[in-house]
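Reviewing the structure listed below.
In our numbering, the protein residues as written are 106 to 494.
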(Lines of atoms letter the chains of each structure in order from A and count residues from 1; the text may use other names and numbers.)
(Lines give C-alpha, C1' and ligand atoms only; values in the text may rest on other atoms or scores of the structure.)
Protein backbone atom coordinates (compact mmCIF):
# COMPACT_ATOMS: atom_id res chain seq x y z
CA UNK A 1 0.00 0.00 0.00
CA UNK A 2 1.39 3.39 -0.96
CA UNK A 3 0.00 6.11 1.26
CA UNK A 4 0.88 9.74 1.81
CA UNK A 5 3.02 11.49 4.34
CA UNK A 6 4.52 14.97 4.51
CA UNK A 7 7.35 14.49 2.06
CA UNK A 8 7.66 16.49 -1.15
CA UNK A 9 5.82 17.78 -4.24
CA UNK A 10 4.42 20.71 -2.24
CA UNK A 11 1.81 18.64 -0.48
CA UNK A 12 -0.43 20.72 1.76
CA UNK A 13 -0.84 19.88 5.41
CA UNK A 14 -3.42 17.19 6.01
CA UNK A 15 -5.26 16.08 9.12
CA UNK A 16 -3.06 13.00 9.45
CA UNK A 17 0.01 15.25 9.56
CA UNK A 18 -1.06 16.68 12.92
CA UNK A 19 -1.67 13.42 14.77
CA UNK A 20 0.41 13.23 17.96
CA UNK A 21 2.47 10.14 18.71
CA UNK A 22 2.14 10.02 22.51
CA UNK A 23 -0.74 9.14 24.84
CA UNK A 24 -2.77 12.11 23.59
CA UNK A 25 -3.16 10.38 20.23
CA UNK A 26 -6.40 8.61 21.13
CA UNK A 27 -7.97 11.85 22.41
CA UNK A 28 -7.26 13.56 19.09
CA UNK A 29 -8.38 10.56 17.04
CA UNK A 30 -11.71 10.31 18.82
CA UNK A 31 -12.31 14.06 18.54
CA UNK A 32 -12.39 14.91 22.24
CA UNK A 33 -9.21 17.04 22.07
CA UNK A 34 -8.29 19.48 19.30
CA UNK A 35 -4.80 18.83 17.96
CA UNK A 36 -3.90 22.49 18.65
CA UNK A 37 -4.34 21.85 22.36
CA UNK A 38 -1.77 19.06 22.39
CA UNK A 39 1.73 19.99 23.68
CA UNK A 40 4.31 20.46 20.94
CA UNK A 41 6.41 17.71 22.48
CA UNK A 42 3.72 15.21 21.52
CA UNK A 43 4.87 15.41 17.91
CA UNK A 44 7.90 13.73 16.39
CA UNK A 45 7.83 15.25 12.92
CA UNK A 46 11.45 14.55 11.99
CA UNK A 47 11.35 11.00 13.29
CA UNK A 48 8.12 10.18 11.50
CA UNK A 49 8.64 11.89 8.18
CA UNK A 50 12.34 12.48 7.51
CA UNK A 51 12.88 9.18 5.72
CA UNK A 52 9.58 9.12 3.83
CA UNK A 53 10.78 11.17 0.87
CA UNK A 54 14.08 9.34 0.67
CA UNK A 55 12.71 5.84 0.15
CA UNK A 56 12.86 4.49 -3.37
CA UNK A 57 9.46 2.96 -4.06
CA UNK A 58 10.75 1.49 -7.33
CA UNK A 59 12.78 -1.07 -5.40
CA UNK A 60 9.66 -2.10 -3.53
CA UNK A 61 7.68 -2.40 -6.76
CA UNK A 62 10.42 -4.50 -8.36
CA UNK A 63 10.20 -6.91 -5.45
CA UNK A 64 6.42 -7.00 -5.72
CA UNK A 65 6.68 -7.77 -9.42
CA UNK A 66 9.19 -10.56 -8.77
CA UNK A 67 6.70 -12.14 -6.35
CA UNK A 68 4.06 -12.32 -9.06
CA UNK A 69 1.59 -9.81 -7.63
CA UNK A 70 -0.73 -8.36 -10.26
CA UNK A 71 -2.54 -5.71 -8.20
CA UNK A 72 -1.36 -2.96 -5.88
CA UNK A 73 -3.23 -0.47 -3.76
CA UNK A 74 -2.33 3.22 -3.87
CA UNK A 75 -3.95 6.03 -1.89
CA UNK A 76 -3.91 9.57 -3.26
CA UNK A 77 -3.63 12.48 -0.86
CA UNK A 78 -6.30 15.12 -1.39
CA UNK A 79 -3.88 17.67 0.12
CA UNK A 80 -1.29 16.90 -2.55
CA UNK A 81 -3.71 17.56 -5.41
CA UNK A 82 -5.49 20.54 -3.78
CA UNK A 83 -3.15 21.71 -0.97
CA UNK A 84 -5.77 23.88 0.75
CA UNK A 85 -8.73 21.93 -0.60
CA UNK A 86 -10.21 25.09 -2.11
CA UNK A 87 -8.07 25.73 -5.19
CA UNK A 88 -10.05 25.92 -8.43
CA UNK A 89 -7.40 23.98 -10.34
CA UNK A 90 -5.44 20.92 -9.21
CA UNK A 91 -1.72 20.92 -8.62
CA UNK A 92 -0.05 19.66 -11.79
CA UNK A 93 2.99 18.77 -9.72
CA UNK A 94 0.85 16.63 -7.45
CA UNK A 95 -0.81 14.85 -10.38
CA UNK A 96 2.55 14.17 -12.01
CA UNK A 97 3.81 12.82 -8.70
CA UNK A 98 1.20 10.07 -8.74
CA UNK A 99 1.41 9.62 -12.48
CA UNK A 100 5.04 8.54 -12.14
CA UNK A 101 4.07 5.91 -9.56
CA UNK A 102 1.06 4.64 -11.50
CA UNK A 103 3.03 4.50 -14.76
CA UNK A 104 5.68 2.41 -13.04
CA UNK A 105 3.00 0.09 -11.66
CA UNK A 106 1.40 -0.32 -15.10
CA UNK A 107 4.74 -0.96 -16.80
CA UNK A 108 5.17 -3.93 -14.47
CA UNK A 109 1.76 -5.31 -15.52
CA UNK A 110 0.33 -4.54 -12.09
CA UNK A 111 -3.21 -3.20 -11.73
CA UNK A 112 -3.44 -0.06 -9.56
CA UNK A 113 -6.27 0.06 -7.03
CA UNK A 114 -6.64 3.74 -6.11
CA UNK A 115 -8.21 5.13 -2.94
CA UNK A 116 -9.32 8.77 -3.05
CA UNK A 117 -9.63 9.47 0.68
CA UNK A 118 -7.39 7.57 3.08
CA UNK A 119 -7.89 9.49 6.34
CA UNK A 120 -6.17 12.50 4.79
CA UNK A 121 -8.06 15.70 4.03
CA UNK A 122 -6.53 19.18 3.71
CA UNK A 123 -6.03 20.68 7.16
CA UNK A 124 -7.40 24.00 5.90
CA UNK A 125 -10.81 22.37 5.44
CA UNK A 126 -10.78 21.26 9.07
CA UNK A 127 -9.84 24.75 10.24
CA UNK A 128 -12.28 26.62 8.00
CA UNK A 129 -15.31 24.33 7.79
CA UNK A 130 -14.91 21.77 10.56
CA UNK A 131 -14.14 19.19 7.86
CA UNK A 132 -17.07 16.81 7.27
CA UNK A 133 -19.32 18.76 9.63
CA UNK A 134 -20.03 20.94 6.62
CA UNK A 135 -22.04 20.23 3.46
CA UNK A 136 -19.46 22.36 1.63
CA UNK A 137 -17.16 19.33 1.73
CA UNK A 138 -19.33 17.49 -0.80
CA UNK A 139 -18.65 20.08 -3.49
CA UNK A 140 -14.94 20.25 -2.71
CA UNK A 141 -14.54 16.47 -2.69
CA UNK A 142 -16.30 16.21 -6.04
CA UNK A 143 -13.90 18.77 -7.51
CA UNK A 144 -10.95 16.76 -6.21
CA UNK A 145 -12.39 13.48 -7.51
CA UNK A 146 -13.08 14.96 -10.94
CA UNK A 147 -9.49 16.19 -11.29
CA UNK A 148 -8.10 12.77 -10.41
CA UNK A 149 -10.58 10.88 -12.61
CA UNK A 150 -9.87 13.08 -15.61
CA UNK A 151 -6.11 12.75 -15.23
CA UNK A 152 -6.08 8.97 -14.78
CA UNK A 153 -9.16 8.00 -16.81
CA UNK A 154 -7.11 5.83 -19.18
CA UNK A 155 -4.79 4.37 -16.53
CA UNK A 156 -6.90 3.42 -13.51
CA UNK A 157 -10.01 1.24 -13.56
CA UNK A 158 -10.58 0.34 -9.91
CA UNK A 159 -11.36 3.05 -7.35
CA UNK A 160 -12.23 3.15 -3.65
CA UNK A 161 -13.81 6.45 -2.60
CA UNK A 162 -13.29 6.37 1.19
CA UNK A 163 -10.97 4.15 3.17
CA UNK A 164 -12.63 2.19 5.99
CA UNK A 165 -15.85 4.19 6.07
CA UNK A 166 -16.98 2.90 9.46
CA UNK A 167 -13.88 4.25 11.24
CA UNK A 168 -15.80 7.54 11.30
CA UNK A 169 -18.07 6.19 14.02
CA UNK A 170 -15.23 4.91 16.22
CA UNK A 171 -12.43 7.45 15.64
CA UNK A 172 -14.20 10.54 14.25
CA UNK A 173 -11.15 12.77 13.69
CA UNK A 174 -9.37 10.04 11.76
CA UNK A 175 -12.41 9.10 9.71
CA UNK A 176 -13.79 12.57 9.06
CA UNK A 177 -11.68 15.30 10.62
CA UNK A 178 -14.25 15.73 13.40
CA UNK A 179 -13.50 17.44 16.70
CA UNK A 180 -16.21 18.07 19.26
CA UNK A 181 -17.06 21.09 21.34
CA UNK A 182 -18.51 20.90 24.83
CA UNK A 183 -22.06 21.49 23.57
CA UNK A 184 -21.92 19.18 20.56
CA UNK A 185 -24.21 16.20 20.29
CA UNK A 186 -21.50 13.82 19.15
CA UNK A 187 -23.84 11.23 17.62
CA UNK A 188 -25.60 13.97 15.67
CA UNK A 189 -22.29 15.32 14.34
CA UNK A 190 -21.00 11.86 13.40
CA UNK A 191 -24.13 10.75 11.55
CA UNK A 192 -24.37 14.09 9.76
CA UNK A 193 -20.76 13.79 8.63
CA UNK A 194 -21.44 10.22 7.54
CA UNK A 195 -24.35 11.39 5.40
CA UNK A 196 -22.22 14.06 3.75
CA UNK A 197 -19.49 11.50 3.04
CA UNK A 198 -21.98 9.04 1.58
CA UNK A 199 -23.42 11.72 -0.69
CA UNK A 200 -19.92 12.84 -1.69
CA UNK A 201 -18.98 9.26 -2.52
CA UNK A 202 -22.14 8.74 -4.58
CA UNK A 203 -21.66 12.00 -6.47
CA UNK A 204 -18.06 11.07 -7.23
CA UNK A 205 -19.14 7.65 -8.50
CA UNK A 206 -21.88 9.10 -10.68
CA UNK A 207 -19.42 11.64 -12.10
CA UNK A 208 -16.73 9.01 -12.61
CA UNK A 209 -19.04 6.84 -14.69
CA UNK A 210 -19.58 9.78 -17.08
CA UNK A 211 -15.83 10.26 -17.44
CA UNK A 212 -15.16 6.57 -18.08
CA UNK A 213 -18.05 4.08 -18.04
CA UNK A 214 -15.51 1.29 -17.45
CA UNK A 215 -14.60 2.64 -14.01
CA UNK A 216 -15.36 0.23 -11.17
CA UNK A 217 -16.02 1.71 -7.73
CA UNK A 218 -15.85 0.09 -4.34
CA UNK A 219 -16.89 1.02 -0.84
CA UNK A 220 -14.62 -0.04 2.00
CA UNK A 221 -15.08 -0.87 5.65
CA UNK A 222 -13.26 -2.57 8.50
CA UNK A 223 -14.89 -5.86 9.39
CA UNK A 224 -14.35 -8.32 12.21
CA UNK A 225 -16.16 -11.51 13.03
CA UNK A 226 -18.48 -10.88 15.96
CA UNK A 227 -19.05 -14.22 17.66
CA UNK A 228 -21.83 -14.58 20.18
CA UNK A 229 -20.75 -15.47 23.69
CA UNK A 230 -20.12 -19.06 24.73
CA UNK A 231 -23.58 -19.27 26.28
CA UNK A 232 -25.03 -18.95 22.76
CA UNK A 233 -28.13 -17.36 24.24
CA UNK A 234 -30.57 -15.54 21.99
CA UNK A 235 -29.58 -12.27 23.67
CA UNK A 236 -25.91 -12.81 22.77
CA UNK A 237 -26.76 -13.69 19.19
CA UNK A 238 -28.90 -10.56 18.91
CA UNK A 239 -26.09 -8.44 20.34
CA UNK A 240 -23.74 -9.72 17.65
CA UNK A 241 -26.39 -8.98 15.01
CA UNK A 242 -26.76 -5.39 16.24
CA UNK A 243 -22.98 -4.91 16.06
CA UNK A 244 -22.94 -6.21 12.49
CA UNK A 245 -25.80 -3.92 11.49
CA UNK A 246 -23.93 -0.89 12.77
CA UNK A 247 -20.70 -2.00 11.14
CA UNK A 248 -22.36 -2.65 7.78
CA UNK A 249 -24.51 0.48 7.73
CA UNK A 250 -22.32 2.53 5.39
CA UNK A 251 -21.89 -0.32 2.92
CA UNK A 252 -25.63 -1.06 3.08
CA UNK A 253 -26.26 2.46 1.81
CA UNK A 254 -23.52 2.33 -0.82
CA UNK A 255 -24.78 -0.97 -2.23
CA UNK A 256 -28.54 -0.43 -1.96
CA UNK A 257 -28.76 3.33 -2.41
CA UNK A 258 -30.91 4.05 0.65
CA UNK A 259 -30.81 3.98 4.45
CA UNK A 260 -32.06 0.82 6.20
CA UNK A 261 -35.14 1.16 8.40
CA UNK A 262 -33.29 0.18 11.57
CA UNK A 263 -31.05 3.23 11.16
CA UNK A 264 -33.97 5.59 10.54
CA UNK A 265 -35.68 4.25 13.67
CA UNK A 266 -32.47 4.79 15.62
CA UNK A 267 -32.39 8.43 14.56
CA UNK A 268 -36.00 8.81 15.71
CA UNK A 269 -35.31 7.24 19.10
CA UNK A 270 -32.25 9.42 19.64
CA UNK A 271 -34.11 12.52 18.39
CA UNK A 272 -31.50 13.20 15.73
CA UNK A 273 -32.62 15.21 12.70
CA UNK A 274 -30.12 15.17 9.85
CA UNK A 275 -29.66 17.68 7.06
CA UNK A 276 -30.82 15.45 4.20
CA UNK A 277 -31.94 17.22 1.03
CA UNK A 278 -34.31 15.57 -1.44
CA UNK A 279 -31.61 15.50 -4.09
CA UNK A 280 -29.33 13.60 -1.69
CA UNK A 281 -31.64 10.60 -1.82
CA UNK A 282 -31.55 10.49 -5.62
CA UNK A 283 -27.76 10.82 -5.57
CA UNK A 284 -27.42 7.90 -3.15
CA UNK A 285 -29.64 5.80 -5.42
CA UNK A 286 -27.71 6.70 -8.59
CA UNK A 287 -24.18 6.49 -7.16
CA UNK A 288 -24.03 2.90 -5.95
CA UNK A 289 -20.81 0.90 -5.75
CA UNK A 290 -19.77 -1.97 -8.02
CA UNK A 291 -17.81 -4.04 -5.50
CA UNK A 292 -17.37 -4.34 -1.74
CA UNK A 293 -13.85 -3.97 -0.40
CA UNK A 294 -12.84 -4.42 3.20
CA UNK A 295 -10.03 -4.80 5.68
CA UNK A 296 -10.30 -7.72 8.07
CA UNK A 297 -9.16 -7.68 11.69
CA UNK A 298 -10.23 -10.61 13.84
CA UNK A 299 -11.80 -9.66 17.14
CA UNK A 300 -15.06 -10.06 18.98
CA UNK A 301 -14.95 -6.37 19.94
CA UNK A 302 -15.07 -3.81 17.13
CA UNK A 303 -13.76 -0.96 19.29
CA UNK A 304 -10.78 -3.12 20.21
CA UNK A 305 -9.98 -3.48 16.51
CA UNK A 306 -9.73 0.28 15.97
CA UNK A 307 -7.75 0.96 19.13
CA UNK A 308 -5.24 -1.79 18.38
CA UNK A 309 -4.82 -0.72 14.79
CA UNK A 310 -4.62 3.06 15.05
CA UNK A 311 -3.52 3.81 18.59
CA UNK A 312 -1.56 1.10 20.40
CA UNK A 313 -0.16 -0.76 17.38
CA UNK A 314 -1.29 -3.91 19.14
CA UNK A 315 -2.13 -7.09 17.31
CA UNK A 316 -5.64 -8.42 17.00
CA UNK A 317 -6.27 -12.13 17.06
CA UNK A 318 -5.73 -13.97 13.80
CA UNK A 319 -8.81 -15.91 12.74
CA UNK A 320 -8.61 -17.22 9.19
CA UNK A 321 -11.87 -19.16 9.40
CA UNK A 322 -13.48 -15.95 10.61
CA UNK A 323 -12.27 -14.32 7.39
CA UNK A 324 -14.09 -17.00 5.39
CA UNK A 325 -17.23 -16.46 7.45
CA UNK A 326 -17.07 -12.70 6.92
CA UNK A 327 -16.64 -13.11 3.17
CA UNK A 328 -19.64 -15.41 2.99
CA UNK A 329 -21.72 -13.03 5.10
CA UNK A 330 -20.82 -10.06 2.92
CA UNK A 331 -21.48 -11.89 -0.32
CA UNK A 332 -24.80 -13.26 0.90
CA UNK A 333 -25.80 -9.79 2.08
CA UNK A 334 -24.77 -7.80 -1.00
CA UNK A 335 -24.31 -10.17 -3.97
CA UNK A 336 -21.43 -7.98 -5.13
CA UNK A 337 -17.84 -8.99 -5.92
CA UNK A 338 -15.55 -8.70 -2.90
CA UNK A 339 -12.04 -7.30 -2.61
CA UNK A 340 -9.92 -8.05 0.47
CA UNK A 341 -7.70 -4.98 0.48
CA UNK A 342 -6.07 -5.39 3.89
CA UNK A 343 -5.80 -7.94 6.67
CA UNK A 344 -4.15 -8.33 10.04
CA UNK A 345 -0.90 -10.16 9.40
CA UNK A 346 1.98 -9.45 11.80
CA UNK A 347 4.86 -7.79 9.95
CA UNK A 348 7.57 -8.63 12.51
CA UNK A 349 8.00 -12.35 11.96
CA UNK A 350 11.21 -13.77 13.49
CA UNK A 351 9.70 -17.21 14.08
CA UNK A 352 7.71 -17.60 10.88
CA UNK A 353 4.37 -17.34 12.67
CA UNK A 354 3.02 -14.60 10.41
CA UNK A 355 4.02 -16.58 7.34
CA UNK A 356 1.86 -19.47 8.50
CA UNK A 357 -0.99 -17.09 9.32
CA UNK A 358 -0.80 -15.61 5.84
CA UNK A 359 -0.90 -19.10 4.36
CA UNK A 360 -4.00 -20.02 6.35
CA UNK A 361 -5.68 -16.77 5.32
CA UNK A 362 -5.01 -17.56 1.67
CA UNK A 363 -6.22 -21.13 2.10
CA UNK A 364 -9.50 -19.93 3.58
CA UNK A 365 -9.91 -17.33 0.83
CA UNK A 366 -9.42 -20.06 -1.79
CA UNK A 367 -12.09 -22.17 -0.07
CA UNK A 368 -14.41 -19.17 -0.08
CA UNK A 369 -14.07 -18.89 -3.85
CA UNK A 370 -13.87 -22.56 -4.85
CA UNK A 371 -16.28 -24.13 -2.36
CA UNK A 372 -18.61 -21.29 -1.41
CA UNK A 373 -18.87 -19.58 -4.80
CA UNK A 374 -18.00 -16.09 -3.59
CA UNK A 375 -16.93 -13.66 -6.34
CA UNK A 376 -13.52 -12.23 -5.44
CA UNK A 377 -11.81 -9.45 -7.36
CA UNK A 378 -8.54 -9.64 -5.47
CA UNK A 379 -6.52 -9.81 -2.28
CA UNK A 380 -3.92 -7.19 -1.31
CA UNK A 381 -2.61 -8.10 2.15
CA UNK A 382 -0.37 -5.98 4.31
CA UNK A 383 2.81 -8.00 4.10
CA UNK A 384 6.44 -6.96 3.91
CA UNK A 385 6.04 -3.27 3.22
CA UNK A 386 3.76 -0.27 3.51
CA UNK A 387 5.01 2.72 1.56
CA UNK A 388 4.37 6.23 2.86
CA UNK A 389 4.53 8.95 0.26
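Virtual Cβ for every residue (Gly too), placed ideally from N, Cα, C. Only a predicted model underlies this, so the values are computations on that prediction, with no experimental measurement involved.
Report task. Confirm, please, whether the CB-CB distance from residue 471 to residue 480 is below 9 Å. Result -> no
Report task. Go through the segment 203-249 residue by residue and report every complete run of the alpha helix (DSSP H) that reaches 4 residues or more, in order. Result -> 228-234
Query raised in the report: Exposed or buried, residue 163, counting other C-beta atoms within 10 Å across all chains shown (16 or more means buried)?
Result: exposed
Requested in this report: May I ask you to report which of helix, strand or coil DSSP gives residue 396?
Outcome: strand
Requested in this report: Can you grab the Cα-Cα spacing for the pair residue 392 / residue 311, in whole Å?
Outcome: 5 Å
Report task. Note down the Cα distance separating residue 237 from residue 138, rounded to an integer number of angstroms. Result -> 17 Å
Report task. Over the uninterrupted beta strand (DSSP E) stretch that includes residue 179, give me the two end residues. Result -> 176-180
Query raised in the report: Thinking C-beta only, is residue 252 closer than 9 Å to residue 194?
Result: yes
Query - Classification of residue 274 by the beta-carbon crowding that lies within 10 angstroms, buried from 16 upward - result: buried
Query raised in the report: Going by Cα to Cα distance, which pick from 463, 438, 462, 120 is closest to residue 278?
Result: 120
Query - CB of residue 271 within 9 Å of CB of residue 167, strictly - result: no
Report task. Would you give the residue range spanned by the beta strand (DSSP E) that residue 444 belongs to? Result -> 443-448
Query - Meets three-Cβ-pair contact criterion under 8 Å: the segment 225-235 and the segment 345-363 - result: no
Report task. Answer with buried or exposed for residue 326, where buried requires no fewer than 16 other C-beta atoms within 10 angstroms of its C-beta. Result -> buried
**Report entry** Among 385, 134, 176, 296, the one whose alpha carbon lies nearest that of residue 378
**Finding:** 296
Query raised in the report: Who are the near neighbours of residue 284 in its chain, counting only those whose CB is closer than 7 Å to its CB and skipping five residues on each side?
Result: 136, 139, 278
Query raised in the report: Within 10 angstroms of its Cβ, does residue 220 collect 16 or more other Cβ (buried), or is it exposed?
Result: buried
Requested in this report: Figure out for me which residue from 432, 210, 242 has the closest Cα to the Cα of residue 191.
Outcome: 242
Query raised in the report: So residue 143 and residue 133 are in contact, right, with Cβ under 8 Å, and what is the actual spacing, rounded?
Result: 6 Å
Query raised in the report: Leaving out the 5 sequence neighbours to the left and right, which residues in its chain are closer than 6 Å to residue 210 when beta-carbon positions are compared?
Result: 177, 217
Report task. Measure the C-alpha to C-alpha separation of residue 483 and residue 187 and round it to an integer number of angstroms. Result -> 30 Å
Query raised in the report: Which two residues bound the contiguous beta strand (DSSP E) that contains residue 359?
Result: Careful: residue 359 lies outside any beta strand (DSSP E), inside the alpha helix (DSSP H) at 339-361.
Query raised in the report: In terms of alpha-carbon separation, which member of 321, 357, 440 lies closest to residue 300?
Result: 357
Report task. Count the other C-beta atoms from every protein chain shown that fall within 10 angstroms of the C-beta of residue 485, then say buried if there are 16 or more, exposed otherwise. Result -> buried
Query raised in the report: For residue 487, does the three-state DSSP call read helix, strand or coil?
Result: coil
Query raised in the report: Can you tell me the Cα-Cα spacing of residue 123 and residue 223, whole angstroms?
Result: 15 Å
Query raised in the report: So residue 396 packs on residue 355, CB below 8 Å; how close in whole Å?
Result: Between residue 355 and residue 396 the Cβ distance is about 15 Å, and since that is not below 8 Å, they are no contact.
**Report entry** Inter-residue spacing [alpha-carbon to alpha-carbon] between residue 442 and residue 130
**Finding:** 36 Å
Requested in this report: Could you check which residue in 250, 304, 298, 427 has the C-alpha nearest to that of residue 401?
Outcome: 427
Report task. Could you pull out every residue in the same chain whose Cβ sits closer than 7 Å to the Cβ of residue 281, ignoring the five residues on either side in sequence? Result -> 236, 237, 273, 298, 302
Requested in this report: Look at the alpha carbon of residue 322 and the alpha carbon of residue 250, and state the distance between them as a whole number of angstroms.
Outcome: 12 Å
Query raised in the report: Measuring CA to CA, which of 141, 438, 183, 261 is closest to residue 226?
Result: 183
**Report entry** Rounded C-alpha distance that separates residue 447 from residue 316
**Finding:** 28 Å
Query raised in the report: With a CB to CB cut of under 8 Å and the five nearest residues on each side skipped, what residues in its chain are close to residue 259?
Result: 317
**Report entry** Opening and closing residue of the alpha helix (DSSP H) in which residue 131 lies
**Finding:** 130-134
Query raised in the report: Buried or exposed: residue 208, going by 16 or more other Cβ atoms within 10 Å of its Cβ?
Result: exposed
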